């Protein structure tokens with residue numbers, strides 16, 4: 001079994017040459033090569049996420065650019081979650097705030113509460129609006145849960161193959 005790197009194709013072709021020399025039988029390395037299933041699952045998962053998400057990736061050169069559309073067809077759950085993660089990881093204070101929110105014994109709306117707290121702390125109205133636009137609707141949360149179910153199958157498959 002090999003990963004999907006092209007240099008392994010060369011390795012397997014060379015291996016086939018040696019097998020044919022020793023066994024005196026043809027060895028079709030293209031039909032017999034097993035690709036790494038965990039790698040294939042990873043690539044398929046990335047393709048699924050890319051196809052599902054229309055939002056831009058974070059650009060550190062322009063950190064204040066809109067990461068997700070506030071409404072419309074460009075708004076998607078993956079982009080929202082990605083943007084929220086970027087906000088959470090953007091400072092030690094935000095990391096600590098998110099950790100404290102998760103440890104509280106309130107309802108399970110930690111992400112919504114975190115976004116609300118960030119919005120309240122922001123003085124600039126335009127930036128505050130961008131932050132509060134990150135709040136997910138009930139239907140968006142339902143789709144996040146569906147995506148998490150799909151991704152858990154991917155994670156389990158990769159774990160079983162490793």
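Numbering (full-length UniProt numbering), first residue to last: 1 to 162. No residue lacks a Cβ here, since even glycine has one placed at the ideal position from N, Cα and C. What you are looking at is a predicted structure, and each value in this text was computed from that prediction instead of being measured.
Can you say whether residue i is buried or exposed, counting buried as having 16 or more other CB atoms within 10 angstroms of its CB?
| i | result |
| --- | --- |
| residue 77 | buried |
| residue 83 | buried |
| residue 43 | exposed |
According to DSSP, simplified to helix, strand and coil, what is residue i?
| i | result |
| --- | --- |
| residue 54 | coil |
| residue 61 | coil |
| residue 152 | helix |
| residue 91 | coil |
| residue 113 | helix |
Would you say residue i and residue j are within 9 angstroms of each other, going by their C-beta atoms?
| i | j | result |
| --- | --- | --- |
| residue 97 | residue 117 | yes |
| residue 79 | residue 112 | no |
| residue 45 | residue 139 | no |
| residue 41 | residue 157 | yes |
| residue 110 | residue 101 | yes |
Could you compute how far the alpha carbon of residue i sits from the alpha carbon of residue j?
| i | j | result |
| --- | --- | --- |
| residue 12 | residue 131 | 51 angstroms |
| residue 62 | residue 37 | 37 angstroms |
Counting Cβ pairs closer than 8 angstroms, one from the segment 138 to 146 and one from the segment 89 to 100, do we hit at least three? no
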